[in-house]
Amino acid sequence: MSKIYLAGLLAAGALIAPVAAQGAALGPSAALCNSNATAVQVEVRGFKQRTGTVRVQIYGANNSYLEKRKWLERIDVPVSREGTMAICVPVKEQGSYVVSVRHDINGNGKSDRKDGAGLSGNPDMKVSDFIFKRKPKLAQVSFAVGDATKRVPVVLNYVNGLSFDPVK
């Protein structure tokens, strides 16, 4: 979003919600977060490289979270050139959810060893957790969404030898 366009929206009073004051959201449902509606604003940080795409998936906070094709919403956006990416994900109703984020470094649409990932709650995960398909405890990664936009920070982790850590 250009600075001139953003300044025009601010002058017109279009972005008066608390979430929008910290920076405009990205994605096809950005208007929901920018107006502080019931939605999730996933704030992704810790990029290893500024290439490729970011995929955000939201799941209901139940036993099927992180299972293939069980996501409720999925948003794919190109990686921004700098800063934290605030990606807006719509939710149909108030409730408990889990967010999964994948940084597809080369933008090929496939999970590669160089790709980064993160979850809501930023749980400590090991490479062996992925190999053996162990999910973090639901209580660690779930969060509640009420009648306003919920901010969910996610720090990306990347494979580094046998560990899975944020970029340092």
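With this note's numbering, letter number 129 in the sequence shown gets 431, and the count goes up by one each step, no holes. Ideal Cβ positions, reconstructed from N, Cα and C, are used throughout, including at glycine.
Check: Span of the alpha helix (DSSP H) holding Gln343?; Outcome: Note, Gln343: premise wrong, no alpha helix (DSSP H); beta strand (DSSP E) at Ala341 to Arg347.
Check: In chain order, what residues of the same chain have a beta carbon less than 6 angstroms from the beta carbon of Lys416, not counting five sequence neighbours either side?; Outcome: Ile407
Check: Where DSSP assigns a beta bridge to Val456, which residues make up the other side?; Outcome: Val346
Check: Please report the residue range of the beta strand (DSSP E) in which Ala419 lies.; Outcome: Gly418 to Leu421
Check: If you count every other CB in all the chains shown that lies within 10 Å of the CB of Gln359, and 16 or more means buried, which is it?; Outcome: buried
Check: Once DSSP output is grouped into helix, strand and coil, what is the label at Asn364?; Outcome: coil
Check: Answer with buried or exposed for Leu464, where buried requires no fewer than 16 other C-beta atoms within 10 angstroms of its C-beta.; Outcome: exposed
Check: Hey, how far is the Cα of Ala314 from the Cα of Ala326?; Outcome: Because Ala314 carries a pLDDT of 35, less than 50, the predicted location of this residue cannot be relied on, and the following value inherits that uncertainty. Rounded to the nearest angstrom, the two C-alpha atoms are 15 angstroms apart.
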